[in-house]
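In UniProt numbering, the protein residues as written are 1 to 199.
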Amino acid sequence: MEKLDGVKERLKETDTEFENARKRAKKAKMAFEKVKRERHRKFTACFDQVSNRIDEIYKALTNNASAQAFLGPENPEEPYLEGLNYNCVAPGKRFQPMSNLSGGEKTVAALALLFAVHSYQPAPFFVLDEIDAALDNTNIGKVANFIRKQTETSFQCIVISLKEEFYSHADALVGIVPDPGECTISRVLTMDLSEVPEG
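Listed below in structure tokens is the structure:
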């Protein structure tokens, strides 16, 4: 009889432990679902903004209405678990994978994505290092004009460039040059281009 009472007591304890574990699991599942919904909501808010703006920005960067940019999730159900597909159709060309675009076309596509992400949560300024390296003179002018227009209303920008075609669109120049002497030091030169007459 004592053995039976002991078994009953252990069974009661096990039932209580099981019920407590079931309640904890249910509570954890509810908390997980809440976090999952919030994660989906936040991701979707960002993704929708970026995907809606990217085509407009790409068209503006290329200065061509026939250019197209698309952004889509690989997994529409839970888009934050997998990658995103980003494709661009360069002006006057047919669709091709990003890997087949030229260096300049990839640069413009990357800038469109950068500025589209920026449209969701804007930064106060950008530092862009030699973004014009792979661009031809025509595209340098288009990108420089786009950035110049954006700096009037949206953000400030510091661009590092070695190409006159790009920095000739700037408001000011800052140059770093070696100062000859016994030890190697650098000098900083500045020029306000708004004071220089055009022509």
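Note that the Cβ used here is the ideal one computed from N, Cα and C, for glycine as well.
Under the three-state reduction of DSSP output, CYS157 falls in the strand class. The three-state secondary structure of SER186, taken from DSSP, is strand. Of all alpha-carbon atoms in THR184, VAL188, PHE32, LYS149, the one lying nearest the alpha-carbon of ALA170 is that of LYS149. For the set SER66, GLN68, ASN85, the Cα lying nearest the Cα of ASN75 is the one of ASN85. Taking the Cα positions, THR14 is about 53 Å away from SER51. Taking all protein chains shown into account, LEU4 has fewer than 16 neighbouring C-beta atoms within 10 Å of its C-beta and is therefore exposed. Taking a 10 Å sphere around the C-beta of ASP132, we find 16 or more other C-beta atoms and assign the residue as buried. Note on LEU189: under 16 other CB atoms within 10 angstroms of its CB, so exposed under the neighbour-count rule.
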